[in-house]
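Data block below; observations after.
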Amino acid sequence: MGFVQFLLYFLVSAFSLNSCIAKANDEVPIKLNDDVLGLIVFKYDLIDPFSSLTSWNEDDDSPCSWKFISCNPVTGRVSHVLLDNLSLSGKLSKGLQKLQHLEVLSLSYNNFSGEIITDFPVIPTLENLNLSHNSLSGQLPLSVMTSIKFLDLSYNSLSGPLPDNLFQNCLSLRYLSLASNSLQGPLPSTLSKCSLLNTLNLSNNHFSGNPDFSTGIWSLNRLRTLDLSENEFSGSVPEGISALHNMKVLQLEGNQFSGPLPIDIGLCIHLYKLDFSDNLFTGPLPESLRQLTSLSYINLSNNMLSSDFPQWIGDLSKLVYIDFSSNSLTGSLPLSISEIKALTYLSLSNNKLSGNIPISIVYCSMLSVIRLKGNSFNGTIPEGLFDLGLEVVDFSDNQLVGSIPAGSRRFYEEIRTLDLSRNNLTGNVTAEMGLSSNLRYLNLSWNNLQSRMPAEVGYFQNLMVLDLRNSAIFGSIPADICESGRLSILQLDGNSLGGSIPEEIGNCSSLYLLSLSHNNLSGPIPKSISKLSKLKILKLEFNELSGEIPLELGKLENLLAVNISYNNLIGRLPSEGIFPSLDQSALQGNLGICSPLLKGPCKMNVPKPLVLNPYAYGNNRPRNVSSDYDSISSHHRMLLSTSAIIAISAAVFIVFGVIVISLLNISAKKRLAFVDHALESIFSSSSRSASPATGKLILFDSRSSSPDFINNPESLLNKASEIGEGVFGTVYKVSLGGSQERMVAIKKLVTSNIIQYCEDFDREVRILGKAKHPNLISLKGYYWTPQFQLLVSEFANNGSLQAKLHATPPLSWANRFKIVLGTAKGLAYLHHSFRPPIIHYNIKPSNILLDDNCNPKISDFGLARLLTKLDKHVMSNRFQSALGYVAPELACQSLRVNEKCDVYGFGIMILEVVTGRRPIEYGEDNVVILNDHVRVLLEQGNSLDCVDPNMGDYPEDEVLPVLKLALVCTSQIPSSRPSMAEVVQILQVIKTPVPQRMEMF
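Here the sequence shown stands for residues -22 to -1, 1 to 979, where the numbers follow mature numbering (1 follows the signal peptide of the UniProt record, and there is no 0).
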């Protein structure tokens, strides 16, 4: 690089010499543009992987026409260099120093490295400098502070303390962000000289000491945003904050500040976000807080604040988010809370609040999360609260009485976590709760329900934790309790359950914890428990279980704890697994378990042999036995009678078994009919008509068949923008009604092999239209004629995973994991909520669309249902359009294709998301198959070598198991791949923080 720069400077000298010669010869002088020279030198120091700077040509007289460059129209000199999100790497070349009229330099979201203090050039005119989201290190340069107004160095690797004279010449500075670096030490005393500063963000560093609030920060009276969060600051926050009358955002969370809150905080009347959480603040809530009528977010959680809950909280009517949890607040919730109409999040857990939950809270119609855990609330749960669209309800550890309210359709659609444990609630679990399709966690333990074991627990589609301990539950355990296959924790201890443990408990394939102790269960321990390969804890103590312990339980390799004490068990213990190491407390109190740890008889359940009369058929009788007719006749009569009894008993047993099985089938059908009827009544579209209309645009969410302005959908597509093309057709972006709010995606289907009868097409599309899930693109309607078919679906405006995964800025691990988990949930819904399951057949990143928060939405699911058969043309196109993603069985017509082909494609998607590499990459001399490449690295113990280096920091304890899961999903044998329900469960366990994970297991 040094030689190139020398050559360029040599050319400058040469051009200057030519200029002198030209003047001597009365010719037009040659003028070299310094901006061209500086930018070319800067370019040569860069690595430009996508050739973004190809328009930068050193032969040009001016750079003003170059891409990413803007010039001052008066002077013709470069004023703006904007190179964000181009994946550039290298160091900050001093070639930029030639740009002596540069005003704005933005290089954010790249991979620049090196020490900024030594490499950054001096540009006296620079006003706006954005180097955020790079890998720059070292300390801050003093030179940039002279004329700078906007300075963003966040998300780099800057370290060390800030020089005390750093802000000596910061009179022009308006915006400063040093967030997410490794800076440390105290804040410079010269910070108070930045009198025009309106945004100061020093969050996520290691700054310490007590900031000079009184004469320092409080003197910056133009501040609108102050973020000192997630540092190591300590000391008090004194009054005087009222001087910051323009303040809108104040964040001090995650430090060690102590003492009372500043009493004049309420005089910052423009505040809309206030976060003092995770500190050591004490004392009461300042009365002046009630003046913050513009406040929408307040978080004071995890402090030591002590006062009555503010009765004036209703004055802050614009609040959306309230978190006062883990303090020592007393008093009651006021009726005025109903004035906060926009409230979506309310957490008051772990305080000392009492009284009734005010019924007026039901007027907070936007409420989504309500947490009141660990207080002394009494009275009943307000009627109407469960009519809201609540996602999380935690009223545990209070003194609530009465019954659990019946919920509305909206409640059952939205609720994900319901914890009413440790109260005094009574009554039944409502049957409608079985329709909570998104419920993951249900805890009603330590109540006094006095209820029969709810049969509806088998209907929960996504339930992972069911805790009904010590709730006066009676009856038997439903056989279909694990019908969904997703239950991970089942705790029914301390009730009055009777009958046997159902053999179907073996269907609970995801169980980690099975706890049925302190009940009245009888009968044997089912052998089917040996199928629970993930089981870690088995608690069956204090029941009336009998018979021998199934030896197959010894094959449960993951079993860590077992307690079978105080039952009526006999016989030997399994010789494998955890059983040989069990202590006396886990075995005592049984009739006759064979163990050297136990005193008393060892009983084996060995049946007496059946002895048949050797002379029953008159053969080989000894000659000394009497043979008179009467004795023979009598003997035969006795044998015939015994045989007849055995035959009759067997027949009766068989008939009884047939009757029982028939009754069970009828009962199961009734339960399924109940679920189908309930789901049909709740989720059926209002637009369903008796017969589909040919040539009409059918919208499921509209009562009219077709909007008036759409007469010819084909002509509508001609005016639309084409946004993609796939195996099943071409996709267009269309506005229904000319507004962005009604933007939809319309897929024009290929006509080959599509269902040719309108009624059949309508039926299949409506099945797909019923697929409603946060991680699915919803199908909104269709248009059908024999020659022309369209599908109308939700439009996602943030593009596909394919586009985001291989672009800049690179996706963080948190977003990648969110995408993987969300996609898994969407596929699990398709596979397990429909019979027959909806199979995607085409899982790949281009079919995973993203919303604004990087939440994935699966598109194009179930389109194979619209084909009369999966013909060779479509499948061959699949192989070409999704190289590496196609399950091997799709190429073999002799294998039965099922949902495991989606699991394979999902596994390949995980590998691409984690590694950032394509499933198949072609080099000059070889072809890299990503699946095989990762498998080899894993076997060598080097699996983390394949992780995308552009991703930044990531937790190894999450990435490694995710890679292993991907390899299991891509097994060549379909039956060896897990179900998507199991995949979701595994991912959720991986994401659980390690301490909580240990608590769970």
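All residues carry an ideal CB built from backbone N, CA and C; glycine is no exception.
With respect to the 9 Å criterion, L249 and V215 are not classified as neighbours on the basis of their beta carbons. When the Cα atoms are used, R447 and N541 turn out to be separated by approximately 17 Å. Within the same chain, and ignoring the five residues on either side of S314 in sequence, the residues whose Cβ sits closer than 6 Å to its Cβ are G292. One thing to note: S135 has its Cβ within 9 Å of the Cβ of S160.
Counting only unbroken stretches of 3 or more residues, the beta strand (DSSP E) elements lying wholly within the region 715 to 785 are 721 to 727, 757 to 763, 766 to 772, in sequence order. Taking all protein chains shown into account, Q439 has 16 or more neighbouring C-beta atoms within 10 Å of its C-beta and is therefore buried. Taken through DSSP and simplified to helix, strand or coil, R430 comes out as strand. Annotated as distal: V946 and S466, with beta-carbon spacing of 9 Å or more. Inside the region 23 to 68, DSSP marks whole beta strand (DSSP E) runs of 3 or more residues at positions 47 to 49, 56 to 60, from first to last along the chain. Assignment of beta strand (DSSP E) within the region 73 to 104, counting only whole runs of 3 or more residues, yields 82 to 84, 89 to 93 in chain order. For G213 and L307, the gap between their C-alpha atoms comes out near 23 Å.
The three-state reading of DSSP puts C947 in helix, counting H, G and I together. Nearest in C-alpha terms to I951, of all of I907, A865, K969, is A865. For A539, DSSP records a beta bridge to I515.
Looking at the backbone, the Cα of S508 and that of L531 are separated by about 5 Å. Per the C-alpha coordinates, the member of L156, N143, L245 positioned closest to L169 is N143.
Spatial neighbours of H184 in its own chain (CB-CB distance under 7 Å, excluding positions within 5 residues in sequence) are listed in chain order as S160, L161, Q162, N209, E210. The beta-bridge partner set that DSSP reports for Q162 consists of P139, H184. In the structure shown, I247 adopts coil according to DSSP, grouped into three states. In the three-state reduction of the DSSP assignment, L324 falls in the strand class.
Judged by pairs of C-beta atoms under 8 Å, the region 820 to 833 touches the region 769 to 785, as three or more such pairs exist. The closest CA to that of G138, considering only A157, L118, I126, L154, is found on L118. Judged by beta-carbon spacing, F302 lies within the 9 Å limit of L326, meaning their Cβ atoms are closer than that value. Contact between N63 and P787 holds: their C-beta atoms lie close to 6 Å from each other, under 8 Å. Residue range 958 to 969 is occupied by the alpha helix (DSSP H) that includes V962. Contact annotation: D130 and S86 have beta-carbon atoms nearer than 9 Å. According to the DSSP assignment, N909 belongs to the alpha helix (DSSP H) that extends over 908 to 917. Residue S957 holds the alpha-carbon nearest to the alpha-carbon of S487 among S957, K969, W290. Between the region 222 to 241 and the region 253 to 268 there are three or more C-beta pairs closer than 8 Å, enough to call the two in contact. Residue state for R550 is assigned as strand, using DSSP reduced to three classes. Each residue's CA atom was taken as its position, placing G702 and T708 some 6 Å apart.
Straight-line spacing of the CA atoms in K725 and R896 works out to 26 Å.
Of L523, I483, M431, F839, the smallest CA-CA separation from S495 is found for L523. A straight-line Cα-Cα distance of about 9 Å links F145 and T124. Only residues of its own chain outside the window of five on either side were considered, and among them G292, D293, S295 have a CB closer than 8 Å to the CB of E317, listed in chain order. With contacts defined as CB atoms closer than 9 Å, N88 and H111 qualify as a contacting pair.
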